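Here is the structure we will look at, set down as structure tokens.
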Amino acid sequence: MALDWEQVIVHSADPVALGQWWADALGWVVVHSSDDEFEIRPAADRTPGLDFVRLDEAKQSKSRLHLDFRPDDQAAEVARLVAHGARRVDIGQGEQSWVVLADPEGNEFCVLG
Numbered sequence: 002m003a004l005d006w007e008q009v010i011v012h013s014a015d016p017v018a019l020g021q022w023w024a025d026a027l028g029w030v031v032v033h034s035s036d037d038e039f040e041i042r043p044a045a046d047r048t049p050g051l052d053f054v055r056l057d058e059a060k061q062s063k064s065r066l067h068l069d070f071r072p073d074d075q076a077a078e079v080a081r082l083v084a085h086g087a088r089r090v091d092i093g094q095g096e097q098s099w100v101v102l103a104d105p106e107g108n109e110f111c112v113l114g
């Protein structure tokens with residue numbers, strides 16, 4: 002039996018806007034877009050991808066799942082993402098080697114050092 006990882010679903014108030022934000026941040030391509038769903042991948046034929054799906058309820062607490070990214074230059078990448086619209090957030094991480102950011106809808110992700 003084989004099990005392939007296809008995508009991560011991200012619930013979103015505005016899937017098109019948030020999905021496009023992530024596509025631009027990651028340099029990924031859009032493989033599907035509708036009013037209620039927006040899917041991106043590293044390349045059209047590569048998985049896993051991120052699939053942003055409309056959910057009309059607001060985010061209420063710390064995310065139970067988040068993405069971690071390991072850049073070549075942490076400081077430069079954090080600066081680029083903040084300039085792109087991410088914001089630094091404190092989720093109780095204390096002093097760590099990683100930086101916790103949130104996307105425009107408040108979904109946390111980490112930029113590792």
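Residue numbers (the working numbering): 2 to 114. Ideal placement from N, C-alpha and C gives every residue a C-beta, glycine not left out. Computed from a predicted structure; not experimentally measured.
Top-ranked residue by Cα proximity to residue i, from the options
| i | options | result |
| --- | --- | --- |
| R71 | C111, Q94, Q61, S64 | C111 |
| P105 | H85, L113, F39, K63 | H85 |
| R30 | L51, A14, I10 | Position check: residue 30 holds Val in this sequence, whereas Arg was assumed. Minimum Cα distance to V30 is reached at L51. |
| H67 | Q8, D5, E109 | E109 |
| E7 | R47, V83, D36 | R47 |
| L56 | S62, V83, E38 | E38 |
| G107 | V79, L19, L27, E78 | L19 |
| V54 | A3, S34, E78, S62 | S34 |
| Q75 | P49, G114, G95, M2 | G114 |
| S62 | E78, A45, I92, V79 | I92 |
Buried versus exposed call for residue i [16 or more other C-beta atoms within 10 Å across all chains shown]
| i | result |
| --- | --- |
| P16 | buried |
| W23 | buried |
| S13 | buried |
| V11 | buried |
| L82 | buried |
| R42 | buried |
| L4 | exposed |
| G40 | For clarity, residue 40 is Glu in the given sequence; the question names Gly instead. Burial call: buried. |
Rounded Cβ spacing between residue i and residue j (contact assumed at less than 8 Å)
| i | j | result |
| --- | --- | --- |
| R89 | V100 | 7 Å |
Endpoints, beta strand (DSSP E) assigned at residue i
| i | result |
| --- | --- |
| L102 | 100 to 103 |
| E106 | Element bounds for E106: n/a, residue is neither H nor E. |
What ranges does the beta strand (DSSP E) occupy inside the segment 15 to 97, keeping only unbroken runs of at least 3 residues that lie completely in it?
Entirely contained in the segment 15 to 97, the beta strand (DSSP E) runs reaching 3 residues are, in chain order, 30 to 34, 38 to 42, 50 to 55, 68 to 70.
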